[in-house]
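**Student:** Take this structure first; my questions come after.
If you want it as structure tokens, here you go:
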């Protein structure tokens, strides 16, 4: 039977894909989107035709407790995805990350607790910092290297404290670097793809040596849904492909798929402060495999190529590409 489910951050990249998947699975979805004067629901304005009009939207801000209470009231489950996520902007505006990611999470927790809802709290692999051992297990130490990562560590611990203090039915889902159609150009894969297409292979990037474990958005969404169905309360679960690739190698791979010769140049504006750069992320996904019966459909190098091809196909559509300012670096 379908459940009544609230999704915070439903207007964003992962949130919009998750909302579509939940509607298709027969759930009654209430999508919480960020209030703005443009009357925009973000990517939900461009959702798939079979999903359009099949979910409820509430416009607000997770920093406001009353809106969170309204959005979650009567819902069996809560997927909490709303967050500020751009790492470079967290250097410029760290307080806003605390207010949205920590205080906002507290408000969602209060609302979910009051309503008796089961809750998925979305974390990030950035909380681990540069890998001290690989692949990174959930028991790996937390080492925040940016204000963004610190705010997510705080949010994670706030969520887990509600489980320990109030026996709240929640868990922490920790996706590694998710990519796919609709992702912000502030992320590295859309940055590379959009520049490769628009600039014939001429690409400006930050550091090329750090490695990442990229998880296609379909796998992340499937993992999140498996989590809310099967994850034990109080647990933390990685979602990753168990495959790492350097940013430089990634740029070369994307250019091959686009069909252009790579010409990658270092842009100092895109380089993180030396102590803040996370040099290596590689997920141990064994817990997700064992507890959730979840396996990434886009794992390994071949899976990455398939996911990149699907993402490139979406960006190649001129109607999609025009939404991105390829000639401008936005933090």
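Numbering (the numbering used here), first residue to last: 14 to 344. We put the CB at the ideal spot given by N, CA and C, even for glycine.
#1: Please report the straight-line C-alpha distance between residue 352 and residue 133, rounded to a whole angstrom.
#2: Under the three-state reduction of DSSP, which class applies to residue 203: helix, strand or coil?
#3: Please classify residue 115: is it buried, with 16 or more other beta-carbons within 10 angstroms of its beta-carbon, or exposed?
#4: For residue 93 versus residue 111, is the C-beta spacing smaller than 8 Å?
#5: Enumerated in chain order, which unbroken segments of the beta strand (DSSP E) with a length of 3 residues or greater are wholly contained in the segment 213-265?
#6: To which residues of the same chain is residue 298 closer than 6 Å at the C-beta, ignoring the five residues directly before and after it?
#7: List the endpoints of the continuous beta strand (DSSP E) containing residue 69.
#8: Are residue 146 and residue 190 touching if we call contact CB-CB under 8 Å?
#9: Do three or more CB pairs link the segment 42-52 to the segment 65-84 at distances below 8 Å?
#10: From residue 118 to residue 268, what distance separates their C-alpha atoms?
#11: Name the two residues that bound the continuous alpha helix (DSSP H) containing residue 177.
#12: Going by DSSP in three states, residue 26 sits in which element: helix, strand or coil?
#13: Extract the residue ranges of the alpha helix (DSSP H) inside the segment 94-131, only unbroken runs of 4 or more that lie entirely within it.
#14: Touching or not, the segment 229-242 and the segment 326-335, by the rule of three or more beta carbon pairs under 8 Å?
#15: In the DSSP assignment, find the alpha helix (DSSP H) that holds residue 84 and state where it starts and stops.
#16: With burial defined as no fewer than 16 other Cβ atoms inside 10 Å of the residue's Cβ, what is the status of residue 159: buried or exposed?
#17: I believe residue 296 touches residue 148 by the beta-carbon criterion, under 8 Å. Please report the beta-carbon distance rounded to the nearest angstrom.
#18: Are there 16 or more other CB atoms within 10 angstroms of the CB of residue 80, so buried, or fewer, so exposed?
#19: Taking DSSP as the reference, what is the three-state secondary structure of residue 186?
#20: How many whole angstroms separate the CB atoms of residue 334 and residue 207, which I take to be in contact at a CB cut-off of 8 Å?
#21: Tell me, please, which residues DSSP counts as bridged to residue 311.
**Tutor:** Considering the structure as presented:
#1: Given that the chain is displayed from residue 14 to residue 344, the structure contains no residue 352 and the question cannot be resolved.
#2: Reduced to three states, the DSSP call for residue 203 is helix.
#3: The residue in question, residue 115, is buried, as its Cβ has 16 or more Cβ neighbours within 10 Å.
#4: At the C-beta level, residue 93 and residue 111 stay beyond 8 Å of one another.
#5: Within the segment 213-265, the beta strand (DSSP E) runs of at least 3 residues that lie entirely inside it are, in chain order, 215-218, 227-229, 249-252.
#6: Cβ within range, chain order: 251, 253, 255.
#7: Counting along the chain, the beta strand (DSSP E) containing residue 69 begins and ends at 69-73.
#8: With respect to residue 190, residue 146 sits apart: the two C-beta atoms are not nearer than 8 Å.
#9: The segment 65-84 and the segment 42-52 touch, with three or more beta-carbon pairs separated by less than 8 Å.
#10: Cα to Cα, residue 118 sits roughly 39 Å from residue 268.
#11: Its alpha helix (DSSP H) spans residues 160-179.
#12: Residue 26 carries a helical assignment under DSSP once its states are collapsed to helix, strand and coil.
#13: Restricting attention to alpha helix (DSSP H) runs no shorter than 4 residues, the segment 94-131 encloses them at 100-105, 107-110, 117-128, ordered along the chain.
#14: Contact fails: fewer than three Cβ-Cβ distances are below 8 Å.
#15: Where residue 84 is concerned, the enclosing alpha helix (DSSP H) stretches over 78-85.
#16: Buried, by the Cβ-count rule.
#17: With a Cβ gap of about 6 Å, residue 296 and residue 148 count as contacting.
#18: Looking at its Cβ environment, which holds 16 or more other Cβ atoms inside 10 Å, residue 80 is buried.
#19: Strand at residue 186.
#20: The beta-carbon separation of residue 334 and residue 207, rounded to 7 Å, stays under the 8 Å limit for a contact.
#21: Under DSSP, residue 311 shares a beta bridge with no residue.
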